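Beneath this line is the structure, given in structure tokens, with notes to follow.
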Amino acid sequence: MLIGAHVSMAGGVQNAPDNAGAIGAECFQMFTRSPQGGPAPKLTPEIIADFLARCKQHKITEWVVHAPYYINLASEKESLQKSSVRVLREELDRDSLLHAKYMMFHPGSAKNVGAAAGIKFSIENCRRILDGYDGHTELLLEISAGAGDVIGANFEIVGEILAGVDADKSLAQKMNVCFDTQHAFGSGYDLRDATAVDATFKKFDKLIGLSRLKMSHCNDSKIELGGHKDRHEHIGEGLIGAAGFKAILHHPKLQHINLYCETEGTKVADDIKKLKKMRG
5 MLIGAHVSMA GGVQNAPDNA GAIGAECFQM FTRSPQGGPA PKLTPEIIAD
55 FLARCKQHKI TEWVVHAPYY INLASEKESL QKSSVRVLRE ELDRDSLLHA
105 KYMMFHPGSA KNVGAAAGIK FSIENCRRIL DGYDGHTELL LEISAGAGDV
155 IGANFEIVGE ILAGVDADKS LAQKMNVCFD TQHAFGSGYD LRDATAVDAT
205 FKKFDKLIGL SRLKMSHCND SKIELGGHKD RHEHIGEGLI GAAGFKAILH
255 HPKLQHINLY CETEGTKVAD DIKKLKKMRG
């Protein structure tokens, strides 16, 4: 397992590898545009070359991109669905230029349409995003914490969306999963010790398949098990606790994934150090 974190790309994506190196990250996540809206900054050949050179300088071999927050594939508004598809496909193409391994996204909220329609819209729109795509970056659906009408809070729904996309044989296995420890915990999946971690990932394997799990956000939780809120805490300081993260790091069936902290402030480097120490 490589251990890293989400880092800033302020001043240009070429600065992200430096920010990752400064906190001891072995891999990193970033945005390539404002997550709240606005046009995407142009990626010139010079910027791309500079970015890749800095990744090499810091000996970083994997980086991923988080999609903007404002997309909603499950919206009642067809115009928002269409614009979300356009942005996510554009982002996949941009991320491929940067050689990003993965780009993860949240399907969005099914408010006013209901879960069944929201799942249907998500499947249809994921197919549209992937139609004809042959880039380097792989699309990942991220598990949500289950707040409100957000789609993707449990393994059954994630599995249903993947199966719906896979039903188009040309797209089978083209979209996979990003786990998030805090989101899963918030959705009711226990991760507090080795027994709980094993049970949760056995359920994941049964309903989704561990082969579909490509990476994980690694965040402790400010809220209780099943609290259905997205509230990250620093590693070992929340309600999941250090024992849970140590169990994840040493689980024999999770060694194929890398971990990315999404904590904030000056303690992110400490989170990385804690995880490295647990890893041994």
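All residue numbers for the sequence shown refer to our numbering, where the first residue is 5 and numbers rise by one. C-beta atoms are modelled at their ideal positions from N, C-alpha and C, and glycine is treated no differently. Note that the structure is a prediction, hence the values are computed from the model and not measured.
Kindly confirm or deny that the stretch 47-55 and the stretch 75-95 touch, where touching means at least three C-beta pairs closer than 8 Å. no
Residues bridged to M108 by DSSP? H70, L144
Determine, using beta carbons only, whether L96 and L143 come nearer to each other than 8 Å. yes
Need the endpoints of the alpha helix (DSSP H) that C363 sits in, please. Since the first residue shown for the chain is 5 and the last is 284, residue 363 is missing from the structure and cannot be characterised.
If we count the other Cβ atoms within 10 Å of its Cβ and call it buried at 16 or more, is H221 buried or exposed? buried
Option in A26, V181, I212, E241 with minimal Cα separation from Y106: V181
Examine the Cβ distances between the stretch 240-254 and the stretch 271-280 and report whether three or more of them are shorter than 8 Å. yes
Nonlocal neighbours in the same chain, by C-beta distance under 7 Å from C59, ignoring five residues either side: P21, W67
Every unbroken alpha helix (DSSP H) inside the stretch 189-237 [4 residues or more]: 198-211
V91, enclosing alpha helix (DSSP H) - first and last residue: 82-101
Within 10 Å of its beta-carbon, does Q33 have 16 or more other beta-carbons around it, so buried, or fewer, so exposed? buried
Between the C-alpha atoms of N116 and E80, what's the straight-line distance to the nearest angstrom? 7 Å
May I have the straight-line CA-CA distance separating A71 from A200, to the nearest angstrom? 30 Å
Is it buried or exposed for P111, if we count other Cβ within 10 angstroms and need 16 for buried? buried
For Q259, report the span of its alpha helix (DSSP H) as first-last. It is not in any alpha helix (DSSP H) - Q259 carries neither H nor E in the DSSP assignment.
In whole angstroms, give me the CA-to-CA distance for I212 and A203. 14 Å
Return the residue from the list I147, K271, P39 that minimises the CA-CA distance to M219. I147
Under three-state DSSP, which class holds G242? coil
Taking its Cβ as the centre, do 16 or more other Cβ atoms sit within 10 Å of G15, making it buried, or is it exposed? exposed
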